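Only one structure is covered here, and it is reproduced in the block below.
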Amino acid sequence: MAQRPDGGGDWGALLAADSPDEVRDLYAWLRREPELRAVLRLVEKPPPDGALGPVAEAVQVLADAPEVVAAVASMVIAWLRYRRTDVKITVKQRKDGPEVQVTATGLRALSPAQTLALARQIESALRDDRTSRRFPDVNPG
Numbered sequence: 000m001a002q003r004p005d006g007g008g009d010w011g012a013l014l015a016a017d018s019p020d021e022v023r024d025l026y027a028w029l030r031r032e033p034e035l036r037a038v039l040r041l042v043e044k045p046p047p048d049g050a051l052g053p054v055a056e057a058v059q060v061l062a063d064a065p066e067v068v069a070a071v072a073s074m075v076i077a078w079l080r081y082r083r084t085d086v087k088i089t090v091k092q093r094k095d096g097p098e099v100q101v102t103a104t105g106l107r108a109l110s111p112a113q114t115l116a117l118a119r120q121i122e123s124a125l126r127d128d129r130t131s132r133r134f135p136d137v138n139p140g
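Each residue of the sequence shown is one higher than the one before, starting from 0 at the first, in numbering that gives the first Met the number 0.
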């Protein structure tokens, strides 16, 4: 985790997906937005013995300004809509902090109101109100 500019504790929300490949895909998707490139970092761990290259663990968002939070949330929604398979996204502020899990199933069929509600859930998690929450699956079915 990155340190706060003032030297304080860990800084930045973490976005994790079900697999390292999905984490890398989410990172690439978020970096499509030029304004987000400077506030994103790919968090990796060393490869297991016998494997090549680091393993992607999460995307770190290094800013919590309202416009950054809104942009990241909308880009995550767009990424989830683009996915052809069910994907679980975990959002948390610190490695040891509370987390929010959003499981998107059939996201393309969501109404505008349901999509807005999901975006607000993600924004809330990115802002971190210091309480542990688990949001229900999004399933329009």
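Beta carbons: idealized from backbone N, C-alpha and C, even for Gly. None of the values given here were measured: they were computed from a predicted structure.
Residue i vs residue j beta-carbon contact at 8 Å
i: Leu41; j: Ala55; result: yes
i: Val69; j: Leu35; result: Note that residue 69 corresponds to Ala in the displayed sequence, not to Val. Contact flag unset, no.
i: Val67; j: Ile88; result: no
i: Val101; j: Lys91; result: no
i: Leu60; j: Leu117; result: The sequence shown places Val at residue 60, not Leu. It is not a contact, given that the beta carbons lie outside the stated cut-off.
i: Leu39; j: Arg80; result: no
i: Ala16; j: Val86; result: yes
Between the CA atoms of residue j and residue i - distance to the nearest angstrom
i: Ala28; j: Asp20; result: With the sequence shown as reference, residue 28 is identified as Trp, and Ala is not the correct amino acid for it. Looking at the two C-alpha atoms, the distance is approximately 12 Å.
i: Pro46; j: Gly52; result: 6 Å
i: Arg30; j: Asp24; result: 10 Å
i: Ser123; j: Ala72; result: 9 Å
i: Thr114; j: Gly49; result: 42 Å
i: Val22; j: Leu14; result: 8 Å
i: Arg119; j: Tyr26; result: 20 Å
Option in the options with minimal Cα separation from residue i
i: Ala12; options: Ala37, Ser73, Val58; result: Val58
i: Glu43; options: Leu115, Ser18, Gln113; result: Ser18
i: Ala108; options: Arg119, Ala77, Ile121, Gln120; result: Ala77
DSSP-derived helix/strand/coil call for residue i
i: Gln120; result: helix
i: Ala77; result: helix
i: Gln59; result: strand
i: Leu29; result: helix
i: Gln100; result: strand
i: Leu115; result: helix
i: Leu109; result: coil
i: Leu41; result: strand
i: Ala142; result: Since the first residue of the chain shown is 0 and the last is 140, residue 142 is not available in this structure.
i: Leu125; result: helix
Check: residue i C-beta below 7 Å from any heavy atom of the ligand FAD
i: Val42; result: No copy of the ligand FAD occurs in the structure displayed, which carries no ligand at all.
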